[in-house]
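Inspection log for the structure reproduced underneath, given as structure tokens.
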Amino acid sequence: MESITRVSMSVCPFVKSSSAQALRQLSKKSGLASQARQCPFMGAALNAKESTRSYSSATKPVRATASSISSNHPSEVQSKYSFKAEELVGNKDAVNVESNERAFDFKGYLNSELNKKRTDKSYRYFNNINRLAQEFPKAHRSSESDKVTVWCSNDYLGMGKNENTLNEMKRVLTKYGSGAGGTRNIAGHNIHALKLEAELATLHKHEAALVFSSCFVANDAVLSLFGQKIKDLVIFSDELNHASMIQGIKNSRAKKHVFKHNNLADLEEKLAQYPKSTPKLIAFESVYSMCGSIAPIEAICDLAEKYGALTFLDEVHAVGMYGPHGAGVAEHLNFDAHLKSGIASPETQTVMSRVDMVTGTLGKAYGTVGGYITGKANLIDWFRSFAPGFIFTTSLPPAVMAGSSASIRYQRSTLQDRIAQQINTRYVKNNLNDLGIPVIPNPSHIVPVLVGNAADAKKASDLLLDKHNIYVQAINFPTVPIGEERLRITPTPGHGAELSNQLIGAIDSVFNELNLPRINNWEAKG
Numbered sequence: 006m007e008s009i010t011r012v013s014m015s016v017c018p019f020v021k022s023s024s025a026q027a028l029r030q031l032s033k034k035s036g037l038a039s040q041a042r043q044c045p046f047m048g049a050a051l052n053a054k055e056s057t058r059s060y061s062s063a064t065k066p067v068r069a070t071a072s073s074i075s076s077n078h079p080s081e082v083q084s085k086y087s088f089k090a091e092e093l094v095g096n097k098d099a100v101n102v103e104s105n106e107r108a109f110d111f112k113g114y115l116n117s118e119l120n121k122k123r124t125d126k127s128y129r130y131f132n133n134i135n136r137l138a139q140e141f142p143k144a145h146r147s148s149e150s151d152k153v154t155v156w157c158s159n160d161y162l163g164m165g166k167n168e169n170t171l172n173e174m175k176r177v178l179t180k181y182g183s184g185a186g187g188t189r190n191i192a193g194h195n196i197h198a199l200k201l202e203a204e205l206a207t208l209h210k211h212e213a214a215l216v217f218s219s220c221f222v223a224n225d226a227v228l229s230l231f232g233q234k235i236k237d238l239v240i241f242s243d244e245l246n247h248a249s250m251i252q253g254i255k256n257s258r259a260k261k262h263v264f265k266h267n268n269l270a271d272l273e274e275k276l277a278q279y280p281k282s283t284p285k286l287i288a289f290e291s292v293y294s295m296c297g298s299i300a301p302i303e304a305i306c307d308l309a310e311k312y313g314a315l316t317f318l319d320e321v322h323a324v325g326m327y328g329p330h331g332a333g334v335a336e337h338l339n340f341d342a343h344l345k346s347g348i349a350s351p352e353t354q355t356v357m358s359r360v361d362m363v364t365g366t367l368g369k370a371y372g373t374v375g376g377y378i379t380g381k382a383n384l385i386d387w388f389r390s391f392a393p394g395f396i397f398t399t400s401l402p403p404a405v406m407a408g409s410s411a412s413i414r415y416q417r418s419t420l421q422d423r424i425a426q427q428i429n430t431r432y433v434k435n436n437l438n439d440l441g442i443p444v445i446p447n448p449s450h451i452v453p454v455l456v457g458n459a460a461d462a463k464k465a466s467d468l469l470l471d472k473h474n475i476y477v478q479a480i481n482f483p484t485v486p487i488g489e490e491r492l493r494i495t496p497t498p499g500h501g502a503e504l505s506n507q508l509i510g511a512i513d514s515v516f517n518e519l520n521l522p523r524i525n526n527w528e529a530k531g
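Going by the working numbering, the first residue of the sequence shown is number 6, and it counts up by one from there.
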């Protein structure tokens with residue numbers, strides 16, 4: 006009440022002539038508030054503030070200003086008693102009205118959201134797994150003596166322990182230090198970035214490349230930029246696209262159509278709704294990581310050319326893994342031509358040359374970290390100049406970029422690791438199938454074992470880890486649809502017959518112990 010008294014005396018023509026002692030006595034009797042409500046100024050302020058209170062407001066004093074009076078009671082501020090806004094706003098003793106409403110319950114909200122995930126079994130549990138560089142696929146848990154075999158790493162070729170990669174990283178780390186020191190625009194642009202981008206452009210036989218902190222960032226930054234900059238752009242997205250692409254499309258604010266997975270008829274039906282002059286972009290992946298399916302890249306390029314669309318191909322789970330030089334599925338589709346031409350482009354047109362943009366990662370088959378995009382020189386320069394996800398972040402460390410270049414060069418020069426990985430994958434798939442373990446059929450290096458229930462998938466993962474010293478992560482919603490929960494297995498060249506037989510026996514044992522459905526059970530369900 007003291008604050009109301011002081012402000013009233015300074016701005017209200019009805020009480021400014023009253024003595025302070027009289028007003029204090031009035032305030033002690035709680036009469037000033039009721040008198041103030043009759044005032045065209047104080048009443049408007051009190052009513053305006055009370056009418057705008059909501060449940061989400063915090064319990065703290067609120068300030069009545071001339072602007073709030075004006076918006077709710079415009080006639081009153083036209084009277085002869087009107088005053089300047091700055092007189093009230095600038096006054097440290099301006100009106101404070103205590104609210105009895107409760108503050109928003111942030112703790113309750115957060116606990117409720119987390120409890121929902123625990124209830125529907127989509128809550129994420131992180132296992133403490135410490136990969137051993139010289140012993141991979143071995144790792145240890147919290148104790149170094151508690152060793153396990155990792156069967157779900159995205160270091161598909163074991164390049165995290167490759168001597169060429171490690172030696173180059175050590176050399177550059179010693180000479181150039183641990184960090185880049187800034188963004189690419191400010192002190193973070195260096196010879197290692199230039200060499201890495203040249204290696205990537207050469208790998209995909211594109212004019213230029215641009216490196217990002219991750220491929221999630223690359224996909225988000227590039228796709229969102231397209232929609233924000235190109236008026237009337239329409240994006241066509243495969244329904245199983247990665248979250249990074251979905252996020253980028255959302256942030257683009259462009260009109261979008263989601264087509265059925267790898268369904269060319271559905272894609273063409275949607276493309277045909279627009280004239281060729283409408284700017285279009287088709288976003289899809291080469292290898293879909295949770296089911297292992299492979300996109301019909303050549304046929305999608307045919308549709309893109311027919312309807313005037315750009316192609317955006319995510320080769321994250323394919324770079325290093327397919328093709329004579331490890332450039333991905335697009336290169337693999339013209340294997341002999343690329344093998345013969347080496348790092349040069351073949352004389353004839355290839356699938357890879359028809360793809361407008363390729364994004365990829367350095368954090369999977371190449372064993373380091375980072376993401377990138379390749380394409381025409383002016384397209385890459387456009388991303389470099391306008392994409393916030395590239396411009397406003399610290400550059401990758403020199404040692405990481407140098408190690409990535411070494412990994413790319415190594416995998417470009419040999420087929421040995423890719424062949425060994427495919428042999429081990431085939432061995433695991435065939436033997437699991439022979440035991441009736443439901444492996445989702447696919448032609449790629451991914452081995453998805455269907456469980457079909459989130460709680461059971463978690464139990465299976467825990468049993469493998471605690472009882473058999475085998476780490477395979479359970480994959481639940483929203484990464485995969487509810488009812489399609491699975492174990493995702495990724496053999497590497499280091500998972501030979503002995504380790505593979507241990508895995509196969511352990512999975513068979515877990516399926517028996519938990520009474521999980523096998524192939525015949527799924528077939529009976531239809």
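Idealized CB from N, CA, C, for every residue including glycine.
{"Asked": "Cut-off 8 Å between Cβ atoms - residues of its own chain near A382, not counting five sequence neighbours on either side", "Found": "E212, A213"}
{"Asked": "DSSP three-state assignment for M250, whether helix, strand or coil", "Found": "helix"}
{"Asked": "Every unbroken alpha helix (DSSP H) within the stretch 311-370, with a cutoff of 4 residues, ordered by chain", "Found": "334-337, 340-346, 356-359"}
{"Asked": "E290, DSSP secondary structure in three states", "Found": "strand"}
{"Asked": "Inter-residue CB distance, V454 and W156 (contact presumed, cutoff 8 Å)", "Found": "About 10 Å separates the two Cβ atoms, so there is no contact after all."}
{"Asked": "C-alpha distance - E518 paired with D461, whole-angstrom precision", "Found": "11 Å"}
{"Asked": "Proximity below 7 Å, CB of H473 to CB of A511", "Found": "yes"}
{"Asked": "Among D110, N224, I134, the one whose alpha carbon lies nearest that of E320", "Found": "N224"}
{"Asked": "Distance, E273 Cα to N436 Cα", "Found": "39 Å"}
{"Asked": "Limits of the unbroken beta strand (DSSP E) element including F217", "Found": "213-217"}
{"Asked": "Closest residue to T179 among P403, H145, H247 (Cα-Cα distance)", "Found": "P403"}
{"Asked": "Pairwise C-alpha distance: G163 and M362", "Found": "27 Å"}
{"Asked": "Cut-off 8 Å between Cβ atoms - residues of its own chain near K463, not counting five sequence neighbours on either side", "Found": "K126, Y130, A479, N481"}
{"Asked": "Through-space distance from A304 to F241, alpha-carbon basis", "Found": "15 Å"}
{"Asked": "Which of helix, strand or coil DSSP assigns to D243", "Found": "strand"}
{"Asked": "First through last residue of the beta strand (DSSP E) which encompasses P453", "Found": "452-455"}
{"Asked": "Rounded C-alpha distance that separates G457 from N190", "Found": "48 Å"}
{"Asked": "Length of the line joining the Cα atoms of K236 and E173", "Found": "45 Å"}
{"Asked": "CB contact flag (K434, V405, <7 Å)", "Found": "no"}
{"Asked": "Alpha-carbon to alpha-carbon, V216 and K200", "Found": "11 Å"}
{"Asked": "T353 burial status per 10 Å Cβ neighbour count (16 or more: buried)", "Found": "exposed"}
{"Asked": "Burial state of T419 (16 or more Cβ within 10 Å)", "Found": "exposed"}
{"Asked": "Coil, strand or helix - K275 by DSSP", "Found": "helix"}
{"Asked": "Counted within 10 angstroms of its Cβ, other Cβ atoms place G375 as buried (16 or more) or exposed", "Found": "buried"}
{"Asked": "Contact set for T283: own chain, Cβ-Cβ below 7 Å, skip 5 residues either direction", "Found": "D237, V239"}
{"Asked": "8 Å Cβ shell around K281 - same chain, five flanking residues per side excluded", "Found": "Y312, G313"}
{"Asked": "Exposure label - D243; buried when at least 16 CB within 10 Å", "Found": "buried"}
{"Asked": "Backbone CA spacing between K530 and P446 [nearest angstrom]", "Found": "17 Å"}
{"Asked": "Inter-residue spacing [alpha-carbon to alpha-carbon] between R491 and N195", "Found": "43 Å"}
{"Asked": "Cβ separation of Y377 and L205, assumed to be a contact under 8 Å, to the nearest whole Å", "Found": "5 Å"}
{"Asked": "C-alpha gap between L504 and S514, whole angstroms", "Found": "15 Å"}
{"Asked": "Host beta strand (DSSP E) of R491 (start-end)", "Found": "491-494"}
{"Asked": "Counted within 10 angstroms of its Cβ, other Cβ atoms place P329 as buried (16 or more) or exposed", "Found": "buried"}
{"Asked": "Coarse secondary structure for G376, derived from DSSP in three states", "Found": "strand"}
{"Asked": "Same chain only: Cβ atoms within 7 Å of G113, ignoring 5 sequence neighbours per side", "Found": "none"}
{"Asked": "Burial state of A277 (16 or more Cβ within 10 Å)", "Found": "exposed"}
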